[in-house]
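Before any comments, here is the structure.
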């Protein structure tokens, strides 16, 4: 399957101690021209708190485009 920038995919993200991993959605941010097999992604979390980091992006489930995302609930793009 060919993916494009902006697609939401499922990825196995490891925990910080690498003891386990969890499948979660991620947004494809870009592809590498130099390394065509490398993809830059950002994790997506449904744990949208009141204290968002200034680099996080809130995806409201009331937004008119929300149905196109494939997400089920209000979510946050965890970018840094």
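Numbering (my numbering), first residue to last: 2 to 81.
Ideal Cβ placement from N, Cα and C applies to all residues, glycine included.
key: Span of the beta strand (DSSP E), counted from its first residue to its last, around residue 74   = No beta strand (DSSP E) holds residue 74; DSSP gives it neither H nor E.
inquiry  = According to DSSP, simplified to helix, strand and coil, what is residue 67?
reply    = helix
request  = With DSSP collapsed to three states, give me the class of residue 49.
outcome  = In this structure, residue 49 counts as coil in the three-state DSSP scheme.
ask   = Any chance the stretch 67-76 sits against the stretch 30-48, with 3 or more Cβ pairs inside 8 Å?
value = In this structure the stretch 67-76 lies against the stretch 30-48, because at least three pairs of beta carbons, one per stretch, are closer than 8 Å.
inquiry  = Taking the straight line between their C-alpha atoms, what separation do you get for residue 67 and residue 35?
reply    = 33 Å
message = Rounded to the nearest angstrom, what separates residue 19 and residue 40 at their Cα positions?
response = 21 Å
query = How should residue 27 be labelled, buried or exposed, when 16 other C-beta atoms within 10 angstroms of its C-beta is the threshold for buried?
reply = buried
Alpha-carbon to alpha-carbon, residue 7 and residue 13 = Straight-line spacing of the CA atoms in residue 13 and residue 7 works out to 18 Å.
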